[in-house]
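Numbering (my numbering), first residue to last: 148 to 215.
For glycine and all other residues, C-beta sits at the position ideal for the given N, C-alpha and C.
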């Protein structure tokens, strides 16, 4: 049985790696890298609630005076 000739494998593998490297470089060249993210100011804005605009008082049964 004849031996497998592996003398050209080195050049084939190196050519493949070089081609993949070039393809990846061309792909990443078109990729948009966004600038470093900045921290946002997290101050809370107070939203007006409808029940704060008018005077209302609710009585819960536990807050009423005791009847004796």
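Worksheet entry | Rounded straight-line distance, which links the Cα of residue 157 to that of residue 151 | 14 Å
Practice prompt. Have a look at residue 194 and residue 178 and give me their C-alpha separation to the nearest angstrom.
Written response: Each residue's Cα considered, the two are about 41 Å apart.
Item to complete: Put residue 159 into one of helix, strand or coil per three-state DSSP.
Response: The three-state reading of DSSP puts residue 159 in helix, counting H, G and I together.
Worksheet item: Would you report the Cα separation of residue 174 and residue 165, rounded to the nearest angstrom?
Response: 14 Å
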